[in-house]
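Chains A and B, in that order, give the protein sequences.
The letter at position 21 of the first sequence is residue 21 when you use the working numbering, and the numbering goes up by one with no holes.
The letter at position 77 of the second sequence is residue 176 when you use the working numbering, and the numbering goes up by one with no holes.
Ideal Cβ positions, reconstructed from N, Cα and C, are used throughout, including at glycine.
Notes to accompany the following structure.
There are 2 protein chains.
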Amino acid sequence: MDMLILHLLAERDMYGYEMVTELASRSSEVFQLKEGTLYPLLHRLEKEGSVSAYEEKKEGRVRRYYRLTRKGGEKLRERTEAWETYSGAVNAVLCGTPG
Amino acid sequence: MDMLILHLLAERDMYGYEMVTELASRSSEVFQLKEGTLYPLLHRLEKEGSVSAYEEKKEGRVRRYYRLTRKGGEKLRERTEAWETYSGAVNAVLCGTPG
DNA sequence: TTGACAAGCCTCGTTTAACAAGGTATAGTG
DNA sequence: CACTATACCTTGTTAAACGAGGCTTGTCAA
Numbered sequence: 001m002d003m004l005i006l007h008l009l010a011e012r013d014m015y016g017y018e019m020v021t022e023l024a025s026r027s028s029e030v031f032q033l034k035e036g037t038l039y040p041l042l043h044r045l046e047k048e049g050s051v052s053a054y055e056e057k058k059e060g061r062v063r064r065y066y067r068l069t070r071k072g073g074e075k076l077r078e079r080t081e082a083w084e085t086y087s088g089a090v091n092a093v094l095c096g097t098p099g
Numbered sequence: 100m101d102m103l104i105l106h107l108l109a110e111r112d113m114y115g116y117e118m119v120t121e122l123a124s125r126s127s128e129v130f131q132l133k134e135g136t137l138y139p140l141l142h143r144l145e146k147e148g149s150v151s152a153y154e155e156k157k158e159g160r161v162r163r164y165y166r167l168t169r170k171g172g173e174k175l176r177e178r179t180e181a182w183e184t185y186s187g188a189v190n191a192v193l194c195g196t197p198g
């Protein structure tokens, strides 16, 4: 989930609530990320320096936008590679390549 | 992980320790399943009726073999489909298909 | 104007998967 | 005999995700 959030932020700055709907729509509603998951996650990413936050008024609403940092970009690369390794391994097992 | 174990058992009966090494070799050492994970998992699968167990002496050792049940086969199908849905959704997000 | 609903952010407590770190027993080998 | 590999097990811990709430502000209809 870290990877997916960081990936969204690599494209553009976003606010939390937006990420929920964006992930849902891009995944054809497969990801129904709960706010109880997202906000603690964002706070952790901010604390570790992977993202930075700023408030901005847009469309008559004050929102808390998040931006990807350099460190977050590196983490994104690592996590993406880990995902490819992991999903590749799952498929290797499923496809029955013995050995 | 349930899915992977059930998948192995769909091919042939296996004992716990064998699953650890089998998963490791098939995944090029990506999966290093710990016994502290595997055995409770197997007990749970047995309890819910997805696998059945029997002891057999082979190669001078008494081993606890597991066999996939009909119910386990159904669970395997469900989990495999869930995995395909999930990994497909991840890749949909990563590939940036907006909307 | 007021009430309801959506947008937007948050926290707390629970569940669960996986792990770490142990323990036990047996077979084979130097 | 000691040591290693095989084989099974348990207990306690950690971390991700969720459920179920709470709080505020803007919009829109009655």
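Can you tell me the Cβ-Cβ gap for residue i and residue j, rounded? I've got them flagged as a contact below 8 Å.
| i | j | result |
| --- | --- | --- |
| LEU175 of chain B | LEU105 of chain B | 4 Å |
| GLU56 of chain A | TYR65 of chain A | 6 Å |
| ALA89 of chain A | SER127 of chain B | 7 Å |
So is residue i in contact with chain A if we call contact Cβ pairs under 8 Å?
| i | result |
| --- | --- |
| THR184 of chain B | yes |
| GLU110 of chain B | yes |
Can you give me the C-alpha to C-alpha distance between residue i and residue j, rounded to a whole angstrom?
| i | j | result |
| --- | --- | --- |
| ALA10 of chain A | LEU68 of chain A | 6 Å |
| LEU144 of chain B | TRP182 of chain B | 18 Å |
| GLU147 of chain B | GLN131 of chain B | 25 Å |
| TYR185 of chain B | ARG160 of chain B | 40 Å |
| LEU137 of chain B | VAL119 of chain B | 8 Å |
| ASP2 of chain A | GLY72 of chain A | 10 Å |
Could you pull the start and end residues of the beta strand (DSSP E) that residue i belongs to?
| i | result |
| --- | --- |
| VAL62 of chain A | 61-68 |
| GLU110 of chain B | Taken as a continuous stretch (DSSP letters only), GLU110 of chain B belongs to no beta strand (DSSP E), being part of the alpha helix (DSSP H) at 101-110. |
| GLU22 of chain A | Per DSSP, GLU22 of chain A belongs to no beta strand (DSSP E); it is in the alpha helix (DSSP H), 16-26. |
Against chain B, does residue i count as a neighbour if the rule is that its beta carbon must be under 8 Å from one of theirs?
| i | result |
| --- | --- |
| VAL30 of chain A | yes |
| LEU127 of chain A | The requested residue 127 of chain A is not part of the displayed model; chain A covers only 1 to 99. |
| ARG70 of chain A | no |
| SER27 of chain A | yes |
Comparing alpha-carbon positions, which option in the options lies nearest residue i?
| i | options | result |
| --- | --- | --- |
| LEU122 of chain B | B:VAL150, B:TYR114, B:LEU103 | B:LEU103 |
| ARG12 of chain A | A:LEU94, A:THR80, A:THR37, A:ALA53 | A:ALA53 |
| GLU78 of chain A | A:VAL93, A:CYS95, A:SER50 | A:SER50 |
| GLY115 of chain B | B:LEU141, B:GLU173, B:GLY171 | B:LEU141 |
Between which two residues does the alpha helix (DSSP H) carrying residue i extend?
| i | result |
| --- | --- |
| LYS133 of chain B | Here LYS133 of chain B belongs to no alpha helix (DSSP H), and DSSP marks it neither H nor E. |
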